[in-house]
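2 protein chains.
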Amino acid sequence: MTTPQRITKQSQTRERVIDLMERFGVGNAIPSERQLSVDLGVSRLTVRAALDDLVREGYLVRRRGSGTFVREPKIAQELTMTSFSEDMVQRGMRPGSKTLSLTVTTAGAYLGRCLHVSPSERIVIVKRLRLADGETMAIETLHVRESLVPGLTPTDLEEHSFYELLATRYGIVTVGGTQTIEPTVTNEEESAALGVPLHSPAFLFERTTRAENDEIVEFVHSIYRGDRYRLVTELNRRDRAGATPVFVLRDAG
Amino acid sequence: MTTPQRITKQSQTRERVIDLMERFGVGNAIPSERQLSVDLGVSRLTVRAALDDLVREGYLVRRRGSGTFVREPKIAQELTMTSFSEDMVQRGMRPGSKTLSLTVTTAGAYLGRCLHVSPSERIVIVKRLRLADGETMAIETLHVRESLVPGLTPTDLEEHSFYELLATRYGIVTVGGTQTIEPTVTNEEESAALGVPLHSPAFLFERTTRAENDEIVEFVHSIYRGDRYRLVTELNRRDRAGATPVFVLRDAG
DNA sequence: TCAACAGAGTGGTATTGACCACTTGCGGTC
DNA sequence: GACCGCAAGTGGTCAATACCACTCTGTTGA
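So the sequences go chain by chain: A and B. The first sequence begins at 0 in numbering that gives the first Met the number 0 and counts up by one. The second sequence begins at 0 in numbering that gives the first Met the number 0 and counts up by one.
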């Protein structure tokens with residue numbers, strides 16, 4: 000059901016349908032399933048499987064007795080495993096990062112538990128601002144074992160995405176993680192950094208990220224401006240799996 | 000692909016597989032797809048379609064060459080189309096509802112836009128507290144066209160789930176909706192009602208719900224205590240569709 | 001002129017049969 | 001006893017076909 004890694008007729012069909020979607024344009028119907036199965040030389044079942052995925056991902060809508068139509072593109076990215084940098088690029092904005100501080104300390108009890116390491120392990124703590132088109136969007140505190148990222152400098156992080164650095168320089172591929180989201184209000188430091196009034200509503204994100212070997216790579220604590228972000232979920236009685244939320248950047252002002 | 004509303008072999012198969020899952024227990028394999036297709040008297044493809052859904056919803060895991068196994072149950076409910084009442088029952092808590100006010104006014108510009116009705120349409124506005132095991136969890140403001148729910152009383156809402164009432168008494172079946180989530184802080188009224196300090200962090204949920212004919216049924220504005228709820232998301236580099244968040248009730252204190 | 005109807009076309013469901021890729025365990029071999 | 005390899009069983013993919021329920025449209029009838 001999930002997209003296969005190997006080249007399969009279903010995945011080929013998917014790609015060719017995506018091409019067709021662009022050709023026909025938003026709001027229009029793509030050829031019928033039977034027509035597609037003839038045109039693409041695959042069975043209708045294969046066509047349906049490919050369309051199923053595209054429908055579930057929100058690119059197409061089916062109307063029984065009528066046809067399958069190209070949906071208008073989503074306005075926002077899914078709340079998923081993308082870095083802030085990637086995310087902003089996809090939204091068509093210029094991402095930025097300003098490193099406020101980079102310190103090394105021992106983990107201590109709390110961080111040790113978060114990162115699954117000994118409390119005496121040395122940890123790099125990086126505090127940085129996240130910018131979009133020059134405007135401050137969030138303040139992020141990154142915690143990572145020093146042994147994983149030797150020689151990391153503040154400017155590294157302003158020039159590259161952290162995940163990019165992990166992958167290319169340190170050979171660490173992240174595969175998943177857990178994220179919790181809470182409402183909070185900004186404190187003095189956060190308000191000053193974000194340029195919002197004291198005690199403004201904000202999202203508190205906490206994320207732990209895992210590598211391929213199931214080791215915990217990082218623990219990130221982020222404060223996102225509540226006046227610039229909101230979460231949007233499409234609810235669905237029939238198909239409970241469709242409740243994938245998107246993290247939406249609001250209009251300014 | 001989506002669960003059908005009519006009785007279908009696939010939905011029957013789904014139910015019978017769920018029975019089997021309970022019988023075999025967490026961690027164990029259920030019978031093979033071929034075996035199930037014989038036992039249940041349906042084709043293997045139908046079995047697969049039913050299993051697909053259960054896998055996507057996280058109840059089963061498939062291991063190629065090995066079998067299909069019962070996953071351990073999720074710790075929390077998905078952020079989905081369940082009513083507060085259903086939700087609390089599933090968490091093993093006793094839901095409660097205390098109606099604070101029930102008024103009827105004209106929609107006006109803003110509500111008219113939210114509900115897709117004329118600004119002069121008469122709207123029932125219900126304000127009520129949501130309780131779990133006697134403790135106040137949220138304050139909810141419900142907006143619904145008066146013509147949809149004639150004769151609705153405050154006590155109705157304390158004795159039944161609103162969705163239950165809609166379905167049984169008014170014959171309105173809800174099929175989906177859109178929900179937005181923002182961080183906020185409680186105002187004087189909300190703080191008093193929830194029993195938290197003034198300006199406490201909270202989640203602001205806004206939901207519009209659609210009926211079968213795509214008409215908008217309700218617009219709900221809810222304030223959830225930030226000290227009792229958090230959102231949890233499992234992130235996944237490989238399968239982007241799997242980022243379904245859960246709305247977790249925190250430990251008290 | 002307009003409403004009702006019939007038919008063609010669409011997605012939704014289901015069957016049967018086949019082959020592939022992978023896991024596992026059994027049995028033979030060294 | 002330890003190791004290797006093979007075969008059986010599993011999920012993954014795909015084909016060809018059939019019928020149902022629904023939508024839309026063009027035609028027919030009043």
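The beta carbon of each residue, even a glycine, is placed where N, CA and C say it ideally should be.
Could you give the distance in angstroms between the alpha-carbon of B/R121 and the alpha-carbon of B/S160?
-> About 22 Å.
Report, in whole angstroms, the separation of the C-beta atoms of B/I180 and A/R229, which I expect to be a contact under 8 Å.
-> Their Cβ separation, rounded to whole angstroms, is 7 Å, which keeps B/I180 and A/R229 in contact under 8 Å.
Would a check of beta-carbon distances place A/E120 closer than 9 Å to chain B?
-> No, A/E120 does not count as interfacial toward chain B.
Establish whether the CB of A/P200 and some CB of chain B are separated by less than 9 Å.
-> So, interface residue.
Unbroken stretches of the alpha helix (DSSP H), 4 residues or longer, contained in the segment 88-149 of chain B | Note on the segment 88-149 of chain B: whole alpha helix (DSSP H) runs with a minimum of 4 residues are 107-114, in chain order.
CB contact below 9 Å: B/G170 versus chain A | The beta carbon of B/G170 sits no closer than 9 Å to any beta carbon of chain A.
For chain B, find out if any of its Cβ atoms is closer than 9 Å to the Cβ of A/R206; answer yes or no.
-> A Cβ of chain B is located within less than 9 Å of the beta carbon of A/R206.
Complete runs of the beta strand (DSSP E) confined to the segment 150-212 of chain A [at least 3 residues] = Counting only unbroken stretches of 3 or more residues, the beta strand (DSSP E) elements lying wholly within the segment 150-212 of chain A are 173-184 and 200-210, in sequence order.
Contact the segment 212-219 of chain B vs the segment 113-132 of chain B: 3+ CB pairs below 8 Å | In short, these stretches touch, since the Cβ pair count reaches three.
Count the C-beta pairs between the segment 10-30 of chain A and the segment 41-53 of chain A that are closer than 8 Å, then say yes if the count reaches three, no if not.
-> At 8 Å Cβ cutoff, the stretches touch.
Could you say which of A/V231, A/T232, A/Y223 and A/E214 lies nearest to A/R112 if we only look at CA atoms?
-> Put simply, of A/V231, A/T232, A/Y223 and A/E214 the residue whose alpha carbon is nearest the alpha carbon of A/R112 is A/E214.
Top-ranked residue by Cα proximity to A/E145, from A/A106, A/A137 and A/F68 | When only C-alpha atoms are compared, the closest one is A/A106.
Using the beta-carbon count (16 or more within 10 Å), is B/V69 buried or exposed?
-> Looking at its Cβ environment, which holds 16 or more other Cβ atoms inside 10 Å, B/V69 is buried.
If we ignore side chains and look at the alpha-carbon of each, how far apart do B/K126 and A/L193 end up?
-> So the two alpha carbons sit approximately 35 Å from each other.
At a Cβ threshold of 9 Å, is B/T179 touching chain A?
-> Chain A, which has a Cβ nearer than 9 Å to the Cβ of B/T179, makes this yes.
Return the Cβ separation of A/S100 and A/L128 in integer angstroms, given the expectation that the two are a contact with Cβ distance under 8 Å.
-> The Cβ separation is near 11 Å, so there is no contact.
Since A/P196 and B/G225 are thought to touch, with beta carbons under 8 Å apart, how far apart are those beta carbons, to the nearest angstrom?
-> With a Cβ gap of about 18 Å, A/P196 and B/G225 do not count as contacting.
Going by the CB atoms, is the gap between A/E233 and B/G176 shorter than 9 Å?
-> The Cβ atoms of B/G176 and A/E233 sit closer than 9 Å to each other.
Helix or strand or just coil, what does DSSP make of B/E217?
-> Reduced to three states, the DSSP call for B/E217 is strand.
Could you tell me which residues DSSP pairs with A/R62 in its beta bridges?
-> According to DSSP, A/R62 bridges with A/G66.
Starting from the C-beta of B/F83, find all residues in its chain whose C-beta is less than 6 Å away, skip the five residues before and the five after it, and write them out in chain order.
-> Here the set comprises R129.
Can you tell me the Cα-Cα spacing of A/G57 and A/P149, whole angstroms?
-> Those two C-alpha atoms are separated by around 42 Å.
Which one of A/R22, A/L147 and A/L39 has the shortest CA to CA distance from A/Y169?
-> That would be A/L147, whose Cα lies nearest to the Cα of A/Y169.
Mind listing the chain B neighbours of A/P182? Cutoff is C-beta to C-beta under 7 Å, in chain order.
-> Near A/P182 (Cβ distances below 7 Å), the residues of chain B are P182, T183, P200, A201, F202 and G225.
Assign B/R33 to one of two classes, buried (16 or more other C-beta atoms within 10 Å of its C-beta) or exposed (fewer than that).
-> B/R33 is exposed by the Cβ-count criterion.
Are the beta-carbon atoms of B/A201 and B/E211 separated by less than 9 Å?
-> No; because the gap between Cβ atoms is not below 9 Å, this pair is not in contact.
Residues that DSSP places opposite B/A262 in a beta bridge | Outside the shown range of chain B (0 to 252) lies residue 262 of chain B, about which nothing can therefore be said.
So is A/E233 in contact with chain B if we call contact Cβ pairs under 9 Å?
-> A/E233 has a beta carbon lying within less than 9 Å of a beta carbon in chain B.
Starting from B/L39, follow the alpha helix (DSSP H) in both directions and report where the run begins and ends.
-> Segment: none, B/L39 is in no alpha helix (DSSP H) and carries neither H nor E.
Identify the continuous alpha helix (DSSP H) that holds B/E56 and give its terminal residues.
-> First-last for B/E56: undefined, no H or E at that position.
Measure the Cβ-Cβ separation of B/M92 and B/D155 and say whether it is below 9 Å.
-> Cβ atoms of B/M92 and B/D155: not closer than 9 Å.
Residue from A/G26, A/R15, A/V41 and A/P94 with nearest C-alpha to A/R61 = A/R61 has its Cα closest to that of A/G26, out of A/G26, A/R15, A/V41 and A/P94.
Amino acids of chain B, ordered along the chain, whose beta-carbon sits closer than 7 Å to that of A/L230 | Chain B residues near A/L230: T179 and I180.
A/I17: first and last residue of the uninterrupted alpha helix (DSSP H) it sits in = Counting along the chain, the unbroken alpha helix (DSSP H) around A/I17 starts and ends at K8 to F23.
Use the C-beta contact count for B/P94: other C-beta atoms within 10 angstroms, 16 or more gives buried, fewer gives exposed.
-> It is buried - the Cβ of B/P94 has at least 16 other Cβ atoms within 10 Å.
Using CA coordinates, which residue listed in B/G64, B/L39, B/M20 and B/R63 is at the minimum distance from B/L53?
-> It is B/M20.
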